[in-house]
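Asks: Let me give you the structure first, and then I'll get to my questions.
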Ligand code: SF4
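In this note's numbering, the protein residues as written are 38 to 466.
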């Protein structure tokens, strides 16, 4: 592990954070009570539980180290089944025998109890513009303290953060050495060794976010559903301190867990990675229907959210499928739900594919507008001058302009078009 110094003013860059090998586990919160367990028995989107890592729980030495750090906590939303346990946080619905590790790699069954190993134990964090999430209609121009742990509920072939999302906690953090909690006053610099053993419990996250002057916390980079308990407790505490919470997710989460979390969520970015079960199976090892259900649930609950669709050549670039997707979004979520098409760049297991051609992205934007969607964007491109421009849906004039993650022109007045006074959907205060 290197010893380079990194400024804590901007905290570490994502690249540096990803380079930081380390190990950890997390935990806490005895939230497994009979009342809600009963209510869960009828829930579940998947027909068969996902494959798990048999007998892959940490050994006694590592478990003791993790516990000593406070990185192990009892999980929420699970069932006890005569020594086995079943997690009900996401539609993978993992069933674990004692000693097994979950599909997302972050949970284990130890003596008939389900534990998360990533509580207070992020493997990366950074301060990002909210436009980078991307969220274009939520407090534009502000910054979000952004964090992630290891693990993910999916296996996306094109994952851009696979160095953390497809790793166990022990592969990203180091529980040996003296304890280090990051909290104000913030140090001027952290070494990679510091980062690898660093704890950030919910109260630390809140204190650090406030010290950095960020109005919001983003749970992002990997998959917050895979660090649900840590995200949940941090969201709840953050709200009590007047901070906003942003969930950046694939959307594969059980309805009960989502509704419980959404009470504390101010905005969400949901990846709609394709529009068929076949695509989800091939590209992500997931299912489409749970994602559509999540979108409808957020809509029903009135949580602000934006939808992102990565256009991957040969996987999700079929225009007929894109048209069907846009029609579903307009019909089920309404015309004001922002949709971001994102350009694919070759990486992970799809590094043999080309970048998405610009003309496909322009055709996708045209299809979305034709379906009635009012706010459609193209991300990861520099060649399209108005890729990030918000147009008034009535007078068609630009009202917000962006260059990459920077807002270069903001003309709304009290959330309305300055020219014709049409309200522009979003959270602008
Ligand atoms: S959150 Fe993790 S442990 Fe729970 S069902 Fe999903 S993959 Fe399995």
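Backbone N, C-alpha and C define an ideal beta-carbon position, used for all residues, glycine too.
Kindly identify the DSSP beta-bridge partner or partners of residue 290.
Replies: Sequence index remark: in the chain shown, residue 290 carries index 253 (1-based). DSSP lists no beta-bridge partner residue for residue 290.
Asks: Would you tell me roughly how many angstroms separate the C-alpha atoms of residue 368 and residue 377, rounded to the nearest one?
Replies: What you label residue 368 is simply residue 331 of the chain shown in a count that begins at 1. What you label residue 377 is simply residue 340 of the chain shown in a count that begins at 1. For residue 368 and residue 377, the distance between alpha carbons rounds to 17 angstroms.
Asks: Looking at the ligand SF4, does it come within less than 7 angstroms of residue 193, judged from the CB to the closest heavy atom?
Replies: On the chain shown, residue 193 is found 156 positions in, with the first residue counted as 1. Every heavy atom of the ligand SF4 is 7 angstroms or more from the Cβ of residue 193, so no.
Asks: Which residue or residues does DSSP assign as beta-bridge partners of residue 253?
Replies: Numbered from its first residue, the chain shown carries residue 253 at position 216. Beta-bridge pairing links residue 253 to 181, 281.
Asks: Give the C-beta separation of residue 463 and residue 175 to the nearest angstrom, bearing in mind that I take them to be a contact with Cβ-Cβ under 8 angstroms.
Replies: Taking the chain shown and counting its residues from 1, one reaches residue 463 at position 426. Taking the chain shown and counting its residues from 1, one reaches residue 175 at position 138. Indeed they touch by this definition, with Cβ atoms about 6 angstroms apart.
Asks: Identify, in the order they occur along the chain, each residue of the same chain with its Cβ nearer than 8 angstroms to the Cβ of residue 144, setting aside the five sequence neighbours on each side.
Replies: To locate residue 144, count along the chain shown from 1; it is residue 107. Result list for residue 144: 112, 124, 131, 133, 138, 151, 152, 153, 154, in chain order.
Asks: What span of residues does the beta strand (DSSP E) with residue 123 cover, start to end?
Replies: Here residue 123 is taken as the residue at index 86 of the chain shown, counted from 1. Element bounds for residue 123: 121-124.
Asks: Suppose the cutoff is 7 angstroms on Cβ atoms and the five residues either side in sequence are ignored; what does the same chain contact list for residue 289 look like?
Replies: Taking the first residue of the chain shown as 1, we reach residue 289 at position 252. Same-chain partners within the cutoff: 127, 128, 190, 191, 262, 323, 327, 328.
Asks: In the DSSP assignment, find the alpha helix (DSSP H) that holds residue 330 and state where it starts and stops.
Replies: Taking the chain shown and counting its residues from 1, the one referred to as residue 330 is at position 293. Per DSSP, residue 330 belongs to the alpha helix (DSSP H) from 326-338.
Asks: Tell me, which residues are paired with residue 308 by DSSP?
Replies: Working through the chain shown from its first residue, we reach residue 308 at position 271. Partner(s): 345.
Asks: Considering residue 370, what are the terminal residues of the alpha helix (DSSP H) in which it resides?
Replies: Taking the chain shown and counting its residues from 1, one reaches residue 370 at position 333. Counting along the chain, the alpha helix (DSSP H) containing residue 370 begins and ends at 356-370.
Asks: Could you have a look at residue 213 and say whether DSSP puts it in helix, strand or coil?
Replies: As a working note, residue 213 is residue 176 in the chain shown. In this structure, residue 213 counts as coil in the three-state DSSP scheme.
Asks: Would you say residue 440 lies against chain C (beta-carbon separation less than 8 angstroms)?
Replies: Absence of chain C from the displayed structure is noted, only one protein chain being present.
Asks: Can you check DSSP and say which residues form a bridge with residue 162?
Replies: As a first step, residue 162 is located in the chain shown; it is residue number 125 there, counting from the start. In the DSSP output, where bridge partners are listed per residue, residue 162 has 184.
Asks: Compute the beta-carbon to beta-carbon distance between residue 258 and residue 201, rounded to the nearest angstrom, for a pair I have assumed lies under 8 angstroms.
Replies: By 1-based counting over the chain shown, the position of residue 258 is 221. By 1-based counting over the chain shown, the position of residue 201 is 164. 7 angstroms between Cβ atoms; contact.
Asks: For residue 251, count neighbouring Cβ atoms within 10 angstroms of its own Cβ and tell me buried if that reaches 16, exposed if not.
Replies: Within the chain shown, the letter at position 214 stands for residue 251. Under the 10 Å beta carbon count, residue 251 is surrounded by 16 or more other beta carbons and is classified as buried.
Asks: Among 167, 193, 230, 460, which residue has its Cα nearest to the Cα of residue 386?
Replies: Taking the first residue of the chain shown as 1, we reach residue 386 at position 349. Ranking the options by Cα distance to residue 386, first place goes to 193.
Asks: Throw me the rounded Cβ distance for the residue 418 and residue 380 pair, which I believe falls under 8 angstroms.
Replies: Numbered from its first residue, the chain shown carries residue 418 at position 381. Numbered from its first residue, the chain shown carries residue 380 at position 343. The pair is a contact, with the Cβ atoms about 5 angstroms apart (cut-off 8 angstroms).
Asks: Opposite residue 450 in the DSSP bridges: which residues?
Replies: The sequence position of residue 450 within the chain shown is 413, counting from 1. Residue 450 is bridged to 453.
Asks: My understanding is that residue 220 touches residue 255, with C-beta atoms under 8 angstroms, so please give their C-beta distance in whole angstroms.
Replies: Locating residue 220 in the chain shown gives position 183, counting from the first residue. Locating residue 255 in the chain shown gives position 218, counting from the first residue. Actually they are not in contact, since the Cβ atoms of residue 220 and residue 255 sit about 19 angstroms apart, beyond 8 angstroms.
Asks: Just the Cα atoms here: how many angstroms apart are residue 162 and residue 185?
Replies: In the chain shown, the residue the question calls residue 162 occupies position 125. In the chain shown, the residue the question calls residue 185 occupies position 148. Rounded to the nearest angstrom, the two C-alpha atoms are 6 angstroms apart.
Asks: What is the C-beta distance between residue 285 and residue 204, in whole angstroms, given that I count them as a contact (C-beta under 8 angstroms)?
Replies: To locate residue 285, count along the chain shown from 1; it is residue 248. To locate residue 204, count along the chain shown from 1; it is residue 167. Not confirmed; about 18 angstroms, so no contact.
Asks: Using only alpha-carbon positions, find the residue among 240, 195, 249, 90 that is nearest to residue 349.
Replies: Residue mapping note: residue 349 aligns to position 312 of the chain shown, counting from 1. It is 195.
Asks: Residue 404 and residue 366 look like a contact to me (Cβ under 8 angstroms); what is the Cβ gap, rounded to whole Å?
Replies: By 1-based counting over the chain shown, the position of residue 404 is 367. By 1-based counting over the chain shown, the position of residue 366 is 329. That pair is no contact at about 11 angstroms.
Asks: Consult DSSP for residue 191 and reduce its assignment to one of helix, strand or coil.
Replies: In the chain shown, residue 191 corresponds to position 154, counting from 1. Coil at residue 191, not helix or strand.
Asks: Excluding the 5 residues preceding and the 5 following residue 118 in the sequence, name in chain order all residues of the same chain whose CB lies nearer than 8 angstroms to its CB.
Replies: Your numbering for residue 118 matches position 81 in the chain shown. Answer for residue 118: 132, listed in chain order.
Asks: Using C-beta distances below 8 angstroms, list every residue in its chain close to residue 79, excluding the 5 sequence neighbours before and after it, in chain order.
Replies: By 1-based counting over the chain shown, the position of residue 79 is 42. For residue 79, the predicted model reports a pLDDT of 42, less than 50, meaning its position is unreliable and no value from the coordinates is stated.
Asks: With respect to 7 angstroms, is the separation between the Cβ of residue 127 and the closest non-hydrogen atom of the ligand SF4 below this value?
Replies: As a position in the chain shown, residue 127 is number 90, starting the count at 1. Residue 127: yes, Cβ under 7 angstroms from the ligand SF4.
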